[in-house]
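I have placed the structure first, in the form of structure tokens, so that the comments after it can refer back to it.
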């Protein structure tokens with residue numbers, strides 16, 4: 365398993381993270397790579413160093429690939445242009461969180477077709493409806509999932525209030541439909557993905573949380589009435605009692621801990637792919 | 214200064230309705246004669262005039278850009294008046310109007326005069342546009358009379374649009390009394406906080422906050438209502454870098470109602486749409502942002518049908534390190550002086566067959582008219598000897614690295630242009646030759 369023995373992987377984290385950071389780190393270590401973690405606090409980023417210069421410094425120190433988490437959408441493009449290195453996007457602003465979508469997919473596949481080992485294709489998730497509910501506007505997890513799942517044939521329903529789910533979301537790609545009535549969406553779904561309200565990105569938005577819970581909270585009554593067999597996912601962090609109750613999060617339909625567990629395998633695969641694909645001439 | 218005979222060219226001068234082969238004699242900084250080919254040879258010889266052979270070239274009034282950022286005073290690392298006007302001359306321009314968002318903001322006669330003083334080494338004429346309110350803070354009006362006397366040709370708070378109803382009404386009324394146009398960068402900034410591109414499906418997909426078209430159109434509509442209320446004052450509103458079909462409709466309605474409302478469109482808004490932002494290209498980030506394809510087409514149609522008065526570049530140089538940042542952090546704006554003619558010719562003339570006289574009108578004659586620049590935008594005898602010579606069939610590639618601007622922030626690097634500038638003459642002096 366030491367495919368990346370002594371290879372050098374840098375983790376560059378401008379935002380806090382528990383699951384993503386730890387699982388990327390464990391993934392790299394399990395493959396034998398040396399990892400270095402740089403986070404915004406406690407590095408020269410605090411002194412105003414640019415993303416470009418931080419990337420150049422990491423490359424000069426031997427980084428062969430960089431795992432980046434950043435609050436600005438598109439930051440991986442800046443780092444890629446600056447360093448020429450393979451960049452793994454560990455979440456950029458409101459844009460994407462691709463490794464999360466892949467581990468969500470793995471979790472879905474494990475449950476929906478446990479015994480089958482056939483390779484995934486455009487029809488693997490045909491007939492499967494996945495509802496993503498909550499703060500979709502601010503969610504990079506939602507964007508990555510709504511772009512990924514329809515490529516395997518799934519139908520994606522988005523549910524949430526206007527302020528957190530603009531109409532334009534439905535035109536982000538094919539196979540995406542907005543259903544603001546969460547109960548109606550649940551009735552049709554085999555998979556339900558709940559999202560946290562991202563208070564840090566709300567920027568003055570006024571949201572009535574009681575009203576929100578009434579309409580969009582995943583609680584026992586609602587799940588029992590409208591989606592008693594659905595798989596319940598949540599990328600975390602969870603705000604218990606807001607978008608999801610403890611009964612549902614810890615209940616028999618929940619695969620939340622399993623999602624986290626799948627993160628390591630998915631990220632091992634991504635690292636192997638990124639480092640083997642790295643063009644050798646580009647390292648300076 | 215030696216007289217110049219421009220010989221053998223095809224004169225396109227919308228001001229005098231001329232579109233014919235003519236020779237042109239320039240003397241003492243003015244156009245001294247325009248005659249049939251060969252008719253001026255004797256006079257030129259007698260005066261020992263320098264001869265410019267314009268065979269195969271269009272001879273037109275020098276281009277006029279009524280919206281540029283020259284960055285002086287205060288931000289000479291992005292551009293200086295010298296470097297900006299050198300880029301302008303290379304692009305065929307003989308006059309530029311410089312926006313007041315300098316450091317400090319140009320809100321005084323002193324700064325206005327400083328910008329025009331010979332020490333700035335401007336290659337062509339610079340007309341300052343001064344702040345409408347002190348420090349562009351939107352609170353107290355500047356001294357329009359003194360500013361006009363110092364050379365200001367309009368007032369604006371440009372990037373800090375005037376939102377308050379009362380202060381905008383005062384601005385329009387006071388400027389009308391002095392005879393200055395009010396230029397508005399129409400953006401209701403209450404709707405665009407944290408936004409870095411056009412609102413819509415693409416912004417959603419890229420995870421960027423989008424500026425709605427209504428942020429532009431609602432302010433244009435508000436401003437037009439105010440001009441209507443002040444109708445007897447002859448207030449003149451000029452809408453800067455118009456970018457949306459909705460705002461263009463408002464301008465057209467205002468004109469049908471006899472109001473003095475004019476507008477300009479930047480080349481990038483009729484050449485590109487928001488797709489250029491994909492992959493977070495900061496060289497395609499400007500304000501107003503690149504819009505939808507429908508809005509781009511509306512700008513094109515507005516120009517073709519004559520609803521747009523002027524093509525202006527919004528030349529906005531920024532240093533490399535400023536644009537090499539995260540998309541949301543990078544400053545707005547692109548350079549435009551060296552690509553305006555080439556893009557306009559390629560798209561409006563080459564592709565959409567707009568006659569040369571209309572092209573020149575949009576880039577010179579009407580631009581001069583919008584800001585009332587007397588003796589500019591015309592080759593009639595007695596006008597300033599501001600002339601551009603260009604090959605209307607000349608295709609060329611623009612290379613940002615060769616730009617005369619201090620900054621290279623352009624999305625048009627490597628693009629094929631039409632209409633190659635051969636020479637630019639500013640008030641009788643040759644300031645650029647290819």
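Chains as they are written, first to last, in our numbering: chain Y, 365 to 648; chain X, 214 to 647. Glycine included, C-beta positions come from ideal geometry on N, C-alpha and C.
Exercise. Straight-line CA distance for residue 537 of chain X to residue 416 of chain Y?
Worked result: Cα-Cα distance, rounded: 8 Å.
For this session: Work out the CA separation of residue 491 of chain X and residue 647 of chain X for me, nearest whole Å.
Result: 35 Å
Exercise. Counting only beta-carbon atoms, is residue 493 of chain X nearer than 8 Å to chain Y?
Worked result: yes
Problem set entry | DSSP-derived helix/strand/coil call for residue 630 of chain X | strand
For this session: From the DSSP output, in three-state form, read off residue 606 of chain X for me.
Result: strand
Exercise. For residue 428 of chain X, which residues in chain Y fall below 9 Å Cβ to Cβ?
Worked result: What residue 428 of chain X touches in chain Y: nothing, since even the nearest Cβ is about 15 Å away.
Problem set entry | Min CB distance residue 415 of chain Y to chain X below 8 Å | yes
Problem set entry | Bounding residues of the alpha helix (DSSP H) (the contiguous stretch that carries residue 470 of chain X) | Here residue 470 of chain X belongs to no alpha helix (DSSP H), and DSSP marks it neither H nor E.
Exercise. For residue 397 of chain X, does the three-state DSSP call read helix, strand or coil?
Worked result: When DSSP states are grouped into helix, strand and coil, residue 397 of chain X belongs to the strand group.
For this session: Go to residue 648 of chain X, then tell me how far its alpha helix (DSSP H) extends in each direction, as first and last residue.
Result: The structure shown does not extend to residue 648 of chain X, since chain X is modelled only from 214 to 647, so the question has no answer here.
Exercise. Residues in the segment 571-599 of chain Y with C-beta within 9 Å of chain X's C-beta atoms, listed in sequence order?
Worked result: none
For this session: Provide the residue(s) that pair with residue 223 of chain X in DSSP beta bridges, ordered along the chain.
Result: X:234 and X:271
Exercise. By how many angstroms is the C-alpha of residue 410 of chain X removed from the C-alpha of residue 470 of chain Y?
Worked result: 34 Å
Exercise. Along chain X, in chain order, which residues have C-beta atoms closer than 7 Å to that of residue 459 of chain Y?
Worked result: 419 and 420
For this session: Give the C-beta separation of residue 373 of chain Y and residue 431 of chain Y to the nearest angstrom, bearing in mind that I take them to be a contact with Cβ-Cβ under 8 Å.
Result: 7 Å
For this session: Measure the C-alpha to C-alpha separation of residue 634 of chain X and residue 593 of chain X and round it to an integer number of angstroms.
Result: Going from the Cα of residue 634 of chain X to the Cα of residue 593 of chain X covers about 21 Å.
For this session: Could you confirm whether any beta carbon from chain Y is found closer than 8 Å to the beta carbon of residue 413 of chain X?
Result: yes
Exercise. When DSSP labels each residue in this structure, what does residue 612 of chain X get in the three-state scheme?
Worked result: Residue 612 of chain X: coil per DSSP, three-state reduction.
Exercise. Could one say the Cβ of residue 648 of chain Y lies closer than 8 Å to chain X's Cβ atoms, at least one of them?
Worked result: Annotation note: pLDDT 37 at residue 648 of chain Y (below 50); position unreliable, no value reported.
Exercise. What does residue 542 of chain X reach in chain Y if we use C-beta pairs closer than 7 Å?
Worked result: 436
Problem set entry | Beta carbon proximity, residue 536 of chain Y to chain X, threshold 8 Å | yes
Exercise. By DSSP, does residue 646 of chain Y sit in helix, in strand, or in coil?
Worked result: Bear in mind that a pLDDT of 44 at residue 646 of chain Y, under 50, signals an unreliable position, so the number given afterwards is only what the model happens to contain. Helix at residue 646 of chain Y.
Problem set entry | Near-chain Y residues of the segment 521-550 of chain X - C-beta to any C-beta below 8 Å | If the cut-off is 8 Å between Cβ atoms, the segment 521-550 of chain X has 534, 537, 538, 539, 540, 541 and 542 near chain Y.
Exercise. When DSSP labels each residue in this structure, what does residue 281 of chain X get in the three-state scheme?
Worked result: Strand, per DSSP.
Exercise. Residue 448 of chain X: which of X:620, X:584 and X:276 sits nearest, CA to CA?
Worked result: X:584
Problem set entry | Residues near residue 572 of chain X in its chain [Cβ-Cβ closer than 7 Å; skip 5 each side] | Counting only Cβ-Cβ distances below 7 Å, and skipping sequence neighbours, we find 557, 558, 561 and 562.
Exercise. Candidates Y:639, Y:449 and Y:484: which alpha carbon is nearest residue 466 of chain Y's?
Worked result: Y:484
Problem set entry | Counterpart residues of residue 594 of chain Y in DSSP-defined beta bridges | Residue 594 of chain Y pairs with nothing; no bridge assigned.
Exercise. What number of angstroms, rounded off, separates the C-alpha of residue 499 of chain Y from the C-alpha of residue 418 of chain X?
Worked result: 15 Å
For this session: Please list, in chain order, all residues of the same chain as residue 383 of chain Y whose beta carbon is under 7 Å from its beta carbon, the five residues on each side excluded.
Result: 600, 624 and 627
Exercise. Could you check where the beta strand (DSSP E) with residue 390 of chain X kicks off and where it finishes?
Worked result: Here residue 390 of chain X belongs to no beta strand (DSSP E); instead the alpha helix (DSSP H) covers 378-391.
Problem set entry | CB contact check: residue 560 of chain Y to chain X, cutoff 8 Å | No, residue 560 of chain Y lies away from the interface with chain X (no Cβ there is under 8 Å from its Cβ).
For this session: Have a look at X:255, X:244 and X:269 and flag the residue whose alpha-carbon is nearest the alpha-carbon of residue 606 of chain X.
Result: X:269
Problem set entry | Range covered by the beta strand (DSSP E) that runs through residue 371 of chain Y | That residue, residue 371 of chain Y, is in no beta strand (DSSP E); it is neither H nor E in DSSP.
Problem set entry | Element boundaries [beta strand (DSSP E), containing residue 307 of chain X] | Segment 306-311, the beta strand (DSSP E) holding residue 307 of chain X.
Exercise. Could you check where the alpha helix (DSSP H) with residue 601 of chain Y kicks off and where it finishes?
Worked result: Unbroken run through residue 601 of chain Y: none, as it is neither H nor E.
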